[in-house]
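I have placed the structure first, in the form of structure tokens, so that the comments after it can refer back to it.
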Amino acid sequence: MKLTRQFFNRKTTKVARALLGKFLVRKIGDKILSGLIVETEAYQGFADKASHAHKGKTERNAVMFGPSGFSYIYLIYGMYNCFNITTEKENYPAAVLIRAVQPVQGLELIKKFRGTNKLENLCSGPGKFCQAFNLDRDLSGLDLTKSKKLWLEDRGFLVKPSQIKKAKRVGVDYAGLYKDKLWRFYLKDNKFVSKK
DNA sequence: CTCTGGATTAGCT
DNA sequence: GCTAATCCAGAGC
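When the count follows our numbering, it moves up by one through the first sequence with no breaks and lands on 454 for the last residue.
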């Protein structure tokens with residue numbers, strides 16, 4: 259079943275945890291790509307120095323201030339894209355970054371987009387995942403509860419709380435007090451996460 | 001295996 | 001002008 263607004267309209271860390279084991283589905287023409295989410299990170303509020311919303315609302319980050327369940331995709335390091343899903347109520351800027359996915363459907367197309375065949379190297383990082391699923395900034399601001407190109411599904415994959423590991427977020431050493439927050443979540447022993 | 005530097009550009013100061 | 005929610009190739013061990 260497709261994830262609805264109320265799934266995303268909760269505390270960001272809760273959504274980040276709940277997204278593990280859910281499926282991200284992408285439709286390109288008549289082809290379906292999908293993957294099991296295995297790694298996420300939470301970015302929330304005004305005080306979080308690692309968040310784009312920390313300095314207030316801008317043209318780029320405006321969607322983070324909107325309703326939950328929308329895509330926020332931005333260019334990082336001049337070369338890669340990062341895909342996020344907005345969370346929480348309107349005017350509270352927050353989102354969950356999808357860091358890694360276990361590819362399930364559409365392997366052929368995913369391999370083509372990535373230019374590699376090694377399974378564990380297809381979607382094991384936020385930039386890799388966007389490349390694999392052909393996500394770019396054109397798809398930012400989509401309502402993921404309504405879109406026909408991109409949405410999330412619960413397919414009954416069960417994740418026990420004991421299978422969820424917490425860690426510091428990656429690449430945010432500049433974020434002062436917030437750099438050590440344990441707002442990264444991933445599935446224990448899953449070989450598709452971005453780091454071991 | 002680990003470590004390091006370069007690629008490349010929008011967005012903010 | 002500076003630098004980032006990253007990735008990869010190449011060097012060294």
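Cβ coordinates follow ideal geometry from the N, Cα and C atoms, glycine included.
Just so we're clear, the structure is a prediction, and the values are computed from it rather than from any experiment.
| Query | Result |
| --- | --- |
| Whole-angstrom Cβ separation of S326 and R263, contact assumed at under 8 Å? | 6 Å |
| Taking contact to mean at least 3 C-beta pairs separated by less than 8 Å, is the region 386-405 in contact with the region 298-308? | no |
| Skipping 5 residues on each side, what residues in its chain have a beta carbon closer than 6 Å to that of G279? | F415, V417 |
| Give a yes or no on whether the C-beta atoms belonging to V428 and E299 are separated by under 9 Å. | yes |
| Note down the Cα distance separating I334 from Y301, rounded to an integer number of angstroms. | 16 Å |
| So V354 and L261 are supposed to be a Cβ contact under 8 Å. How far apart are they, rounded? | Rounded, the Cβ-Cβ distance is 12 Å, inconsistent with contact. |
| According to DSSP, is F450 part of a helix, a strand, or is it coil? | coil |
| DSSP three-state label for Y436, please. | helix |
| Among K370, A352, V296, which has the Cα closest to the Cα of M322? | A352 |
| Does the region 358-368 come close enough to the region 287-295 to have 3 or more Cβ pairs within less than 8 Å? | yes |
| My assumption, with CB atoms under 8 Å, is that K424 sits in contact with L440. Please give the rounded CB distance. | 4 Å |
| Where does F344 fall in DSSP's three states? | Here the sequence assigns Thr to residue 344, which means Phe is not the residue at that position. Residue state, collapsed to three classes: strand. |
| Name the residue from Y338, K370, K386 whose alpha carbon lies nearest to the alpha carbon of Q360. | K386 |
| What are the partner residues of G293, as DSSP defines its beta bridges? | L282, P361 |
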